[in-house]
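Chemist: Line by line, the protein sequences are chains Y and S.
Using my numbering, read the first sequence as starting at 1094 and increasing by one per residue.
Using my numbering, read the second sequence as starting at 4 and increasing by one per residue.
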Amino acid sequence: MDGILFIAFTAGLLGGFGHCVGMCGPIVVSWNLPLKPNLLYSAGRITTYAFVGGLMGLTGSFVNTAGQLGGIQNLVAVLAGILMIGAGLHLAGLLPLPAVRLNVPDLGLLRAARAVMETESDWKFYPLGVLLGFLPCGLSYTVFLSAAGTGGLLPGMATMVSFGIGTLPAMLLVGSLASFARERAGARLRKAGGLAIVLMGAVFLVRGIRLYVHL
Amino acid sequence: MSGGVTVEPAAGRRPALRLARGAALCSLAWMLAMVPLPSLAGAPETDCDIDRGACTRPLADTGITAAFELLPRPVQVMRNLSCRVVLQRGGVPVTDRAVRVRFTMPGMYMAENAVALRHAGGGRYEGTAVIVRCPTGSNLWRADVRVRSPSDPIGRWSGVSYTFRLN
């Protein structure tokens, strides 16, 4: 078991720089994620990895579980593209985002919901990470194969948590660099960045739709 | 006390103009995203038509030929596949080797996806493999077949690769 955890962590570490930066980096870049929101986003992502890894470990089948989740994953791929286009338009100054306020009592779960929903809160990136953890990804699929091979709920979860932790350095670095650049960019550079993000969002959207219709 | 969600309109002038610019930008981005990009690195050539049948190639410095195939055909991603390697030396089955197959995607790190094959008789080694789907649409894969003799004093692996495309 220890060997699998180490291999999964290493796959995350190497794949983070060799795969995730190119494939999922644009998502992190599009939402201006300095350290804390980036960590919350990644915690959400790892939560989903653990959930799916646990399912695969429990069932012992990668193919069946991936088949069941395929519809959700394709939908998330489309949503990611739409969200990126929205973020890019906002950065370019072409889509002013309205402020959202929850008119609910300041109690328990409602307080948590307010913390998540209100636009100033960093906590909204956790559920975003949970959602986008379902993004179809060849690298995570390969590690899910190992999680399915562990033959148990907890080992499957542990495998994917190790993988997710391994991806953190690359994703945090990309998010921090993008945030640093955005803070220092002038208006024109921000607009250009927004346009680039819109283009990347369109690529994600086309990719997501292709998963549905096999163009 | 009434609950609910309040959406406060964003401040700004000429929202219709902004919307039109945004829509034009999205249309342009959509058109660009639909254009297939040429490979900058140059796509590696395939040397195995995996949907046609087994691909046979010599293992380096051993005198052994390795015939590699995936079943059922046509080979599909995200399915359990029967992975087979048949080893022969001069037409005689080689039955005592350790055989592993590792799947990689040229030009893209995809983590370790390897399967150990078991001897099923007559020099045929079999195991179950899954080739994952790449959401970018890339479908070029390489199978590295590694073979080790139990009599090799330092446990060296001999290898041969097959590059193929899944349709």
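Backbone N, C-alpha and C define an ideal beta-carbon position, used for all residues, glycine too.
Values in this document were obtained by computation on a predicted structure and should not be read as measured data.
1. Smallest Cα separation from S/T65: which of S/N170, S/R149 and S/E72?
2. Who does S/G130 pair with in a DSSP beta bridge?
3. So is S/A119 in contact with chain Y if we call contact Cβ pairs under 8 Å?
4. Can you tell me whether DSSP reads S/R159 as helix, strand or coil?
5. With 8 Å set as the bound, which would you pick, yes or no: does the beta-carbon of S/P41 sit closer than that to a beta-carbon of chain Y?
6. Is the CB of Y/P1262 under 8 Å away from at least one CB in chain S?
7. List the endpoints of the continuous alpha helix (DSSP H) containing Y/F1218.
8. Can you find at least 3 beta carbon pairs, one from the stretch 1148-1163 of chain Y and one from the stretch 1288-1301 of chain Y, that sit closer than 8 Å?
9. Could you tell me which chain S residues have their CB closer than 8 Å to the CB of Y/T1140, listed as they occur along the chain?
10. Using a cut-off of 8 Å between C-beta atoms, extract the partners of S/G140 located in chain Y.
11. Contact criterion: CB-CB distance below 8 Å. Does Y/G1145 meet it with respect to chain S?
12. Between Y/L1235 and chain S, is there a C-beta pair that is closer than 8 Å?
13. Express the C-alpha separation of S/C58 and Y/I1097 in angstroms, rounding to a whole number.
14. DSSP on S/T98, reduced to helix/strand/coil?
15. Would you call the stretch 1158-1174 of chain Y in contact with the stretch 1273-1285 of chain Y, where contact means no fewer than 3 C-beta pairs closer than 8 Å?
16. By the 10 Å Cβ neighbour count, where 16 or more other Cβ atoms means buried, how is Y/L1238 classified, buried or exposed?
17. Quick one: Cα of Y/G1181 to Cα of Y/R1303, how far?
18. So Y/G1186 packs on Y/K1284, CB below 8 Å; how close in whole Å?
19. Could you tell me the distance, in whole angstroms, from the CA atom of S/E129 to the CA atom of Y/G1286?
20. If you measure between the beta carbons of Y/G1109 and Y/A1251, is that distance less than 8 Å?
21. Checking contacts by CB at 8 Å: is Y/F1155 closer than that to chain S?
22. So if I threshold CB-CB distances at 7 Å, which residues from the stretch 1241-1268 of chain Y count as touching chain S?
23. Which residues in the same chain have their Cβ closer than 6 Å to the Cβ of Y/H1112, if we skip the five residues on either side of it in sequence?
24. List the residues of chain S that Y/A1170 touches, going by C-beta distances under 9 Å, in chain order.
25. Quick one: list the residues of chain Y neighbouring S/A114, beta-carbon separation under 7 Å, in chain order.
26. Are any of the Cβ atoms in chain Y nearer than 8 Å to that of S/R92?
27. Between Y/P1229 and chain S, is the shortest Cβ-Cβ distance under 8 Å, so that the two count as touching?
28. Quick one: is Y/L1098 near chain S, going by C-beta distance under 8 Å?
Modeler: Considering the structure as presented:
1. S/R149
2. S/C86
3. no
4. coil
5. Any answer about S/P41 is weak, because its pLDDT of 48 lies below 50 and its placement is not dependable; what the coordinates show is given next. So, not an interface residue.
6. no
7. F1218 to L1225
8. no
9. Per Cβ cutoff of 8 Å: no residues; Y/T1140 is ~20 Å from chain S at best.
10. R1300 and R1303
11. Per the sequence presented here, residue 1145 of chain Y reads as Val, with Gly not at that position. For Y/V1145, the answer is no, since every Cβ of chain S falls outside 8 Å of its Cβ.
12. As written in the sequence, residue 1235 of chain Y is Thr, which differs from the Leu given in the question. Chain S contact via Cβ: present.
13. 32 Å
14. coil
15. no
16. buried
17. 22 Å
18. 6 Å
19. 51 Å
20. no
21. yes
22. none
23. L1232
24. P138
25. A1104, G1108, L1232, T1235 and V1236
26. no
27. yes
28. no
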